[in-house]
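To start, the structure itself, in structure tokens.
In this note's numbering, the protein residues as written are 158 to 605.
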């Protein structure tokens, strides 16, 4: 089932050339952080370009429950009247974060050093995801979590009455864990330090500075050492959310694969900690040109011009690149299925604990469509072929990126590809279906 509704089967059929401009929605990671940091600030935060997918809307509802005033002014335009660091009120109701691992983990961090309690839940997918990776470091501040066996939601988090600063080395590359610890450190005295052996997306560090926190980043033999000075007064800001490179990946990869296609994708974030897919596609021989590079809202962005690229070749993605493209491996595996030779994706074990086990979901779906794959705990190997038979119905497993990836595959398969439930797409890319249709993609509701 979808996160909030009954299943919505969707089907994609072989399409003619994709043409036009793809107006991608705002970046999901930055949208979550804009709402949370706005709520932790003094004064008003004005956000433009906010992603209005269900994941972000659930975070907006959570910030209201903690006492912030969150108001939609227009499409993508929002106002947050914050309560300041340490100012969260105890919510009267359970906080439902829907499908969003980012939302629940960052919110837990933001409240963990305030002496209040909150109970968190989510949909069937989110309630299967591991939360100990968050609650273990939050316990170091003095917070206490009580949840289901295995550290799963629903879970009650009791914030620390007398928080202490923390020095924490990430055991896995995770921007969510890093961000939760930094947000918890805001209301702790002294300095909170996070050490990440492998760099992950750095939106939290950038945005904390933008709101007035003192954050330093040092490259050492241990990795990136991020130091936050606790108990700052964050001040409301104007935040322009760039367009999401993870969402842009789907029309970009579709245009690369569908013969005769040429599209433009304006204003996409080119943050180097999020750019791994585009680096990889260029290595495969993709015809992507980055035009008009600029800085918007503190983030590097560019306009993309993408043309079909029939000569794509398989590559090996190194483990150290995985964190910068962790959400894009599903659609990369679709590109790999139609590239020459073999594509080897290493260092991808984090995919096992996303909205679904994405390695298993992609492997089983690709096999059903006639593609030969190999996998182990940390690797996915796709053997490319000249043409993919398709013709399968694939399980989305409540995972928006799995659903969109297989709909892209259906555009270039010999026979249509059906996704059993496209409903989860609304969590991150609610305009996916009309946007792709506007480019000429043959994607539709299977029963409509």
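Heads up, the beta-carbon is just placed ideally off N, CA and C, and yes, glycines get one too.
Using a Cβ-Cβ distance cut-off of 8 Å, the region 194-214 and the region 434-446 are not in contact, since fewer than three pairs of beta carbons, one from each stretch, lie closer than that value.
Exclusion of the five residues before and after residue 335 leaves 327, 351, 353, 357, 361 and 383 as the residues of its chain whose Cβ lies within less than 8 Å of its Cβ.
Burial check for residue 485: the Cβ neighbour count within 10 Å reaches 16 or more, so the residue is buried.
Assignment of residue 262 by DSSP, reduced to helix, strand and coil, places it in the helix class.
In this structure the region 209-226 does not touch the region 464-474; the number of beta carbon pairs closer than 8 Å is below three.
The Cβ neighbour count for residue 544, taken over all protein chains shown within 10 Å, is under 16; the residue is labelled exposed.
Around the beta carbon of residue 395, a 10 Å sphere encloses fewer than 16 other beta carbons of the protein chains shown; the residue is thus reported as exposed.
Taking each of 286, 368 and 293 in turn and checking the Cα distance to residue 203, the smallest one comes out for 368.
The Cβ atoms of residue 573 and residue 595 lie no closer than 8 Å to each other. Taking all protein chains in view, the Cβ of residue 533 is surrounded by fewer than 16 other Cβ atoms within 10 Å, so the residue is classified as exposed.
Your pair residue 584 and residue 255 checks out as a contact, with CB atoms roughly 7 Å apart and the cut at 8 Å.
The region 185-195 and the region 212-220 touch, with no fewer than 3 CB-CB distances between them shorter than 8 Å. For residue 223, the secondary structure class from DSSP, reduced to helix, strand or coil, is coil. As a beta-bridge residue in DSSP terms, residue 169 pairs with 574 and 600.
With a cutoff of 8 Å on beta-carbon distance, residue 430 and residue 359 are scored as near each other.
Across the set 458, 252 and 489, the C-alpha of 489 shows the shortest separation from the C-alpha of residue 559.
The Cβ neighbour count for residue 333, taken over all protein chains shown within 10 Å, is at least 16; the residue is labelled buried.
In the DSSP assignment, residue 488 falls within the unbroken alpha helix (DSSP H) covering 486-494. Each of 524, 178, 556 and 345 was checked against the Cα of residue 283, and the nearest Cα belongs to 556. As summarised for the region 492-546, the continuous alpha helix (DSSP H) elements at least 4 residues long and confined to that stretch are 515-525, given in chain order. With fewer than 16 other CB atoms across the displayed protein chains lying within 10 angstroms of its CB, residue 571 is exposed.
Restricting attention to alpha helix (DSSP H) runs no shorter than 4 residues, the region 167-201 encloses them at 185-196, ordered along the chain. For the 8 Å CB-CB criterion, residue 408 and residue 167 do not form a contact.
In the DSSP assignment, the residues bridged to residue 385 are 349 and 372. Rounded to whole angstroms, the separation of the alpha carbons of residue 422 and residue 179 is 5 Å. Beta-bridge pairing by DSSP links residue 231 to 234.
Bounds of any beta strand (DSSP E) do not take in residue 582, whose DSSP letter is neither H nor E.
Distance from the CA atom of residue 458 to the CA atom of residue 306, rounded to whole angstroms, is 43 Å. Distance from residue 175 to residue 188 at the Cβ level is roughly 26 Å; contact not present, criterion being Cβ atoms closer than 8 Å. CA-to-CA, the gap between residue 338 and residue 295 works out to about 7 Å. Note on geometry: alpha-carbon atoms of residue 259 and residue 501 lie some 27 Å from one another.
For residue 336, the enclosing alpha helix (DSSP H) starts and ends at 332-342. As DSSP reads the structure, residue 457 sits in a beta bridge with 452. Shown here, residue 423 sits in a strand according to DSSP, grouped into three states.
Shown here, residue 163 sits in coil according to DSSP, grouped into three states, outside any helix or strand.
Residues of the same chain with a CB within less than 7 Å of the CB of residue 181, apart from the 5 flanking positions on each side, are 400, 401, 404, 405, 422 and 425 in chain order.
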